[in-house]
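The numbering used here puts the sequence shown at residues 1 to 229.
We put the CB at the ideal spot given by N, CA and C, even for glycine.
Computed from a prediction, not measured in an experiment: that's the story for all the values here.
Below: the structure, in structure tokens.
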Amino acid sequence: MQNVNCFLLSYVKFGDNDAILHCFSEESGYQSFFAKGLYSSRNKKKAYLFPLNRLSITILAKKTGGGMPNVSKIEMLERDYDFSDVKTNTVLLFVSDFLNQVLRDETHRNSAFFEIQTFLRELYKGNAGSYPAFIFKILAQQGLSPLPSNGHFLDPEAGNFSIEQSHSFFDEEISAVWKHFTEAEDIYSVTLKRSLRRQFLDSVMLYYKLHFAGFTVPNSLDIIQQIYE
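Right, here's the structure in full:
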């Protein structure tokens with residue numbers, strides 16, 4: 001048996017009682033597990049299925065021929081925040097939807113795991129700007145952040161700053177936010193007013209669509225935009 005320390009990114013109900021869990025672990029990055037009987041009426045641990053819950057999962061040894069590891073035990077590690085906080089829950093849903101796309105090919109990058117820990121600490125202590133900063137941080141870790149230059153407008157396709165505006169999303173104000181994140185020593189200390197935060201998120205989603213193959217904007221973005229209006 002093997003114990004895996006991971007964050008839950010998404011899950012899919014399989015049949016009547018089983019589930020497939022998509023997680024991101026410290027040891028092996030993105031992993032999927034088969035949890036038999038998780039939805040059975042007597043199993044209380046389906047309550048653990050919440051975005052970015054930190055789980056301790058014990059898996060059985062893989063059978064010959066590979067396949068998805070089977071879960072033999074699942075426990076939730078403590079999380080110090082109010083589960084009834086709608087805004088926090090909405091942020092967790094959006095961020096987990098985002099990570100479930102962009103971390104699928106990450107199998108040995110524990111820097112992303114530790115960054116999730118940092119983000120959650122910031123979120124749980126009430127830092128409203130933590131999730132835009134975190135998404136930018138993941139972009140930078142994947143080597144996709146813009147190259148530094150002296151221009152005032154970010155060219156989203158070229159991935160650098162230029163002297164002329166090339167896209168309506170990237171006016172001088174939003175481009176300045178990007179440059180601020182690019183240059184900031186502590187991105188979690190960057191504060192954005194509400195309207196600017198929304199515009200910045202829209203611009204980041206567009207940037208990902210241009211630079212990350214197959215990326216689609218999470219449906220939960222609309223929910224988070226409504227909650228924070």
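Query	Result
Go through its chain and collect everything with a Cβ distance to residue 37's Cβ below 7 angstroms, but skip five positions before and after it.	17, 18, 43
Taking all protein chains shown into account, do 16 or more other C-beta atoms lie within 10 angstroms of the C-beta of residue 29, making it buried, or fewer, making it exposed?	buried
Go through its chain and collect everything with a Cβ distance to residue 176's Cβ below 8 angstroms, but skip five positions before and after it.	152
Ignoring anything shorter than 4 residues, give me the alpha helix (DSSP H) runs that lie fully in the stretch 177 to 215, in order along the chain.	194 to 211
Would you say residue 203 faces chain C, with C-beta separation under 8 angstroms as the test?	In the displayed structure, chain C is absent; only one protein chain is listed.
By Cβ distance, which residues of its chain are closer than 7 angstroms to residue 225, with the 5 residues on each side in sequence left out?	198
Is the stretch 67 to 76 close to the stretch 198 to 217, with three or more CB pairs under 8 angstroms?	no
Identify whether residue 100 lies in helix, strand or coil by the three-state DSSP scheme.	helix
Assuming residue 47 contacts residue 71 under a Cβ cut-off of 8 angstroms, what Cβ separation, rounded to an integer in Å, is found between them?	Not confirmed; about 15 angstroms, so no contact.
Please classify residue 18: does DSSP put it in a helix, a strand, or coil?	strand
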